[in-house]
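K.L.:
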Amino acid sequence: MFDLSQAAPRAAKLTALGIGVALLATACGGSSTPSQTGSSSAAAAGISCPAPSAGAGAGNSQAATNTGPVPPSTTTTATPLKLGSLLPTTGSLAFLGPPEIAGVNLGIKEVNDAGGVLGAPVSVVHRDSGDTKTDIATQSTTALLGQGVSAIIGAASSGVSKTVINQITGAGVIQFSPANTSPDFTTWDDKGLYWRTAPSDVLQGKVLGNYMATCGAQTVGMIVLNDAYGTGLQKNVKEAFEAAGGKVVAEELFNEGDSQFSSQVDKVIAAKPDAIALITFDQAKSIVPLITGKGIKPTQLFMVDGNTSDYSKDFQAGTLKGAQGTIPGTFAKDAFKQKLLAIDPALKDYSYAGESYDAVNLISLASEAAKSTKGTDIAAKLKDVSEGGEKCTDFASCVTLLRQGKDIDYDGQSGPVTFSDAGDPTEAYIGIYEYQNDNTYKPVREEFGKL
30 MFDLSQAAPR AAKLTALGIG VALLATACGG SSTPSQTGSS SAAAAGISCP
80 APSAGAGAGN SQAATNTGPV PPSTTTTATP LKLGSLLPTT GSLAFLGPPE
130 IAGVNLGIKE VNDAGGVLGA PVSVVHRDSG DTKTDIATQS TTALLGQGVS
180 AIIGAASSGV SKTVINQITG AGVIQFSPAN TSPDFTTWDD KGLYWRTAPS
230 DVLQGKVLGN YMATCGAQTV GMIVLNDAYG TGLQKNVKEA FEAAGGKVVA
280 EELFNEGDSQ FSSQVDKVIA AKPDAIALIT FDQAKSIVPL ITGKGIKPTQ
330 LFMVDGNTSD YSKDFQAGTL KGAQGTIPGT FAKDAFKQKL LAIDPALKDY
380 SYAGESYDAV NLISLASEAA KSTKGTDIAA KLKDVSEGGE KCTDFASCVT
430 LLRQGKDIDY DGQSGPVTFS DAGDPTEAYI GIYEYQNDNT YKPVREEFGK
480 L
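Residue 30 is where the sequence shown starts when you use the working numbering, and the numbers rise one by one after that.
(1) Quick one: which unbroken beta strand (DSSP E) runs of 3-plus residues sit fully inside the segment 286 to 336? Chain order, please.
(2) Among the residues of its own chain, which have a CB less than 8 Å from the CB of K435, if the five just before and after it don't count?
(3) I want to know whether the segment 422 to 430 touches the segment 366 to 378 - three or more CB-CB distances under 8 Å.
(4) Between G354, F124 and G145, which has its C-alpha nearest L110's C-alpha?
(5) Between I130 and S114, which are expected to be in contact by the criterion C-beta below 8 Å, what is the C-beta distance as a whole number of angstroms?
(6) So what's C421 in DSSP terms, helix, strand or just coil?
(7) Does DSSP classify K138 as helix, strand or coil?
(8) Which residue marks the beginning of the alpha helix (DSSP H) containing V193, and which one marks its end?
(9) Pull up the distance between the alpha-carbon of S291 and that of F344, whole angstroms please.
(10) Applying the criterion that 16 or more other CB atoms from any shown protein chain within 10 Å of the CB defines a buried residue, is A299 buried or exposed?
(11) In angstroms, rounded to a whole number, what distance separates the CA positions of K276 and T215?
(12) What runs of the alpha helix (DSSP H), each 4 residues or longer, lie entirely inside the segment 364 to 446?
(13) Do G132 and A382 have their C-beta atoms within less than 8 Å of each other?
(14) Under three-state DSSP, which class holds D157?
(15) What are the start and end residues of each continuous alpha helix (DSSP H) run of 4 or more residues lying completely inside the segment 213 to 287, in chain order?
(16) Specify the secondary structure class of V146 as computed by DSSP and reduced to three states.
(17) What would DSSP say about F124, mapped onto helix, strand or coil?
(18) Just confirm the distance between the C-beta atoms of D303 and T355, as a whole number of angstroms; I'd bet it's less than 8 Å.
(19) When DSSP labels each residue in this structure, what does G88 get in the three-state scheme?
(20) Taking the alpha-carbon positions, what's the D440 to I137 distance?
(21) What does the alpha-carbon distance come out to for the pair D387 and P207?
(22) Leaving out five residues on either side along the sequence, give the residues of the same chain with a beta carbon under 6 Å from the beta carbon of T21.
(23) Mapping the DSSP letters down to three states, classify L115 as helix, strand or coil.
(24) Where does V473 sit, in a helix, a strand or coil, going by DSSP?
(25) Keeping to the same chain, check which residues put their C-beta closer than 6 Å to that of S68; ignore five residues upstream and five downstream.
(26) Give me the Cα-Cα distance between E476 and P357, rounded to the nearest whole angstrom.
(27) Once the 5 residues before and after T260 are set aside, which same chain residues still bring their CB inside 7 Å of it?
(28) Using 8 Å as the threshold, is the C-beta distance between F205 and I320 below it?
(29) Let me confirm a value: G250 is counted as buried when at least 16 other C-beta atoms fall within 10 Å, else exposed. Which label applies?
(30) Is G183 helix, strand or coil when you go by DSSP?
(31) Taking the CB atoms as reference points, tell me whether I76 and T328 lie closer together than 8 Å.
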């Protein structure tokens with residue numbers, strides 16, 4: 030991956046992954062055949078989704094857990110591992126910032142509780158990523174690189190990451206996103222320094238497209254953010270939905286910074302789709318009332334990770350009842366939520382907290398395996414610690430195995446983590462959530478897929 034003289038570019042590796050996604054194996058281990066029992070949502074326009082799955086979640090009961098003191102590192106470092114975070118506290122994805130930052134801080138705490146990396150505590154510097162309407166990310170990245178970080182966790186937005194990826198990887202520093210899903214990063218010339226724990230939208234798009242068809246939709250309209258995230262997800266949703274026998278009857282784009290969406294809404298509704306997919310960020314706060322005000326039932330709405338959030342303070346009760354959304358990653362478990370709440374008691378969303386926590390653990394473990402805190406050395410070990418060895422699910426357990434001379438296979442809070450040569454997860458869960466009467470959402474089922 031790190032030998033630039035190799036003839037096979039990253040673009041070829043995408044083909045090697047096969048791109049085919051094995052879908053619809055539920056996390057409960059049940060059949061991929063949709064249930065004939067409708068969900069609790071009232072059917073609308075032919076929409077009747079499968080009943081919620083009971084006990085969904087990625088199991089890790091076979092993984093090693095630490096039950097004793099962590100042995101000291103046999104190698105120490107004069108340069109302690111320093112991480113940066115480039116996560117949104119302002120802008121259209123600001124709602125994702127708190128759970129991601131909490132996930133990073135929880136990971137740092139647990140690493141340091143276990144004695145740190147290479148005999149020294151790990152530190153983190155947090156900076157705002159903003160969104161693509163501002164230059165905050167570039168300024169923050171410059172500041173982080175100036176402080177000598179080995180890796181930067183972020184950005185959340187694929188569009189923002191595109192503005193800083195060359196700056197980060199060009200400096201020999203790892204960029205590790207917990208939430209980028211644009212397929213473009215799979216083939217980016219990043220010198221092996223770009224990684225992510227969120228799966229490419231090749232997976233989320235296929236799950237959402239298939240799921241809408243499973244719910245009985247024969248036609249779909251889409252309102253899409255015109256950026257790397259939105260159009261990439263749009264493409265994969267459309268391909269999956271049409272492969273399942275459906276037809277996309279309207280696709281309306283808007284740009285970041287737009288504040289008027291009546292034209293897009295009117296054109297989509299005029300096409301009379303059975304279901305509407307909203308591929309947006311927080312613009313959904315403006316778009317949803319326009320749609321429901323035209324008589325579209327919330328059970329016809331399907332959302333994505335960029336806008337599946339808590340709207341309890343934004344809409345009247347019942348506005349989104351029965352709407353559904355997808356978020357990459359397995360459902361946050363209660364024990365993990367309690368740990369996150371101890372870090373940030375104000376948390377309401379948990380999206381990408383697991384992916385952020387896993388990023389800290391994977392970087393720290395790869396640093397231990399490399400016996401170095403240099404970014405390029407750490408990157409060379411990230412794939413190794415994600416596959417092929419004894420399974421473990423937290424830093425203390427995994428680093429204990431490493432210091433005993435064993436190979437490890439880290440599986441984390443976001444689900445199984447196994448990297449491709451391109452730095453992408455090769456398998457992941459996509460959670461499906463349903464909105465309640467108070468416009469908050471709850472998990473109803475998971476789909477597992479491989480790239």
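From the three backbone atoms N, C-alpha and C, an ideal C-beta is built for every residue, glycine too.
P.N.:
In short, the structure shows the following:
(1) Residue ranges of uninterrupted beta strand (DSSP E) with 3 or more members, entirely inside the segment 286 to 336 and ordered along the chain, are 304 to 308 and 330 to 332.
(2) Taking the first residue of the sequence shown as 1, we reach residue 435 at position 406. Cβ neighbours of K435 beyond the five flanking positions: G418 and E419.
(3) As far as the Cβ criterion goes, the segment 422 to 430 does not touch the segment 366 to 378, which means the pair count is below three.
(4) Within the sequence shown, residue 110 is the residue found at index 81, counting from 1. Comparing Cα positions, the closest option is G145.
(5) As a working mapping, residue 130 is identified with position 101 in the sequence shown. As a working mapping, residue 114 is identified with position 85 in the sequence shown. About 7 Å separates the beta carbons of I130 and S114, which is inside the 8 Å limit, making them a contact pair.
(6) Residue numbering aside, residue 421 sits at position 392 when the sequence shown is read from its first letter. Annotated three-state conformation of C421 is strand, per DSSP.
(7) As a working note, residue 138 is residue 109 in the sequence shown. Note: K138 maps to helix in three-state DSSP.
(8) Position 164 of the sequence shown, counting from 1, holds the residue named residue 193. S187 to G199 is the extent of the alpha helix (DSSP H) around V193.
(9) As a first step, residue 291 is located in the sequence shown; it is residue number 262 there, counting from the start. As a first step, residue 344 is located in the sequence shown; it is residue number 315 there, counting from the start. Using only the alpha carbons, I get a separation of about 18 Å.
(10) Sequence index remark: in the sequence shown, residue 299 carries index 270 (1-based). Looking at its Cβ environment, which holds fewer than 16 other Cβ atoms inside 10 Å, A299 is exposed.
(11) As a position in the sequence shown, residue 276 is number 247, starting the count at 1. As a position in the sequence shown, residue 215 is number 186, starting the count at 1. Cα-Cα distance, rounded: 28 Å.
(12) Whole alpha helix (DSSP H) segments, 4+ residues: 382 to 399, 404 to 414 and 424 to 432.
(13) Here residue 132 corresponds to residue number 103 of the sequence shown, with the count starting at 1. Here residue 382 corresponds to residue number 353 of the sequence shown, with the count starting at 1. Less than 8 Å separates the beta-carbon of G132 from that of A382.
(14) What you label residue 157 is simply residue 128 of the sequence shown in a count that begins at 1. Three-state DSSP puts D157 in a strand.
(15) Within the segment 213 to 287, the complete alpha helix (DSSP H) runs of at least 4 residues are 230 to 243 and 257 to 272.
(16) Working through the sequence shown from its first residue, we reach residue 146 at position 117. Strand.
(17) Along the sequence shown, one-based indexing puts residue 124 at 95. Under the three-state reduction of DSSP, F124 is assigned to helix.
(18) Stepping through the sequence shown from its first residue, residue 303 is reached at position 274. Stepping through the sequence shown from its first residue, residue 355 is reached at position 326. A Cβ-Cβ separation of about 18 Å leaves D303 out of contact with T355 under the 8 Å criterion.
(19) As a working note, residue 88 is residue 59 in the sequence shown. Here the model assigns G88 a pLDDT of 42, short of 50, so the residue's position is not dependable, and the following value carries that caveat. Residue state, collapsed to three classes: coil.
(20) Taking the sequence shown and counting its residues from 1, the one referred to as residue 440 is at position 411. Taking the sequence shown and counting its residues from 1, the one referred to as residue 137 is at position 108. Between D440 and I137, the C-alpha separation is close to 17 Å.
(21) Here residue 387 refers to the residue found at position 358 when the sequence shown is read from its first residue. Here residue 207 refers to the residue found at position 178 when the sequence shown is read from its first residue. Roughly 8 Å between the two C-alpha positions.
(22) Residue 21 is absent from the model: the chain starts at 30 and stops at 480.
(23) Counting from 1 along the sequence shown, the entry for residue 115 is found at position 86. If DSSP states are grouped into helix, strand and coil, L115 belongs with the strands.
(24) Working through the sequence shown from its first residue, we reach residue 473 at position 444. Looking at V473 - three-state DSSP - the assignment turns out to be strand.
(25) Here the question's residue 68 lines up with position 39 in the sequence shown. Residue placement at S68 cannot be trusted, given a pLDDT of 41 that sits under 50; what the coordinates show is reported in the next sentence. Excluding sequence positions up to five before and after S68, its CB lies within less than 6 Å of the CB of C78 and A80, all in the same chain and listed in chain order.
(26) In the sequence shown, counting from the first residue as 1, residue 476 sits at position 447. In the sequence shown, counting from the first residue as 1, residue 357 sits at position 328. When rounded, the distance between both Cα atoms is 10 Å.
(27) To locate residue 260, count along the sequence shown from 1; it is residue 231. Listed in chain order, the non-local C-beta contacts of T260 below 7 Å within the same chain comprise V253, local neighbours out to five positions each way being set aside.
(28) By one-based count along the sequence shown, residue 205 stands at place 176. By one-based count along the sequence shown, residue 320 stands at place 291. No. Outside cutoff.
(29) By one-based count along the sequence shown, residue 250 stands at place 221. Here G250 is buried, its C-beta having at least 16 other C-beta atoms within 10 Å.
(30) Looking up residue 183 in the sequence shown gives position 154. G183 falls in the strand class under three-state DSSP.
(31) Stepping through the sequence shown from its first residue, residue 76 is reached at position 47. Stepping through the sequence shown from its first residue, residue 328 is reached at position 299. The answer is yes: Cβ separation under 8 Å.
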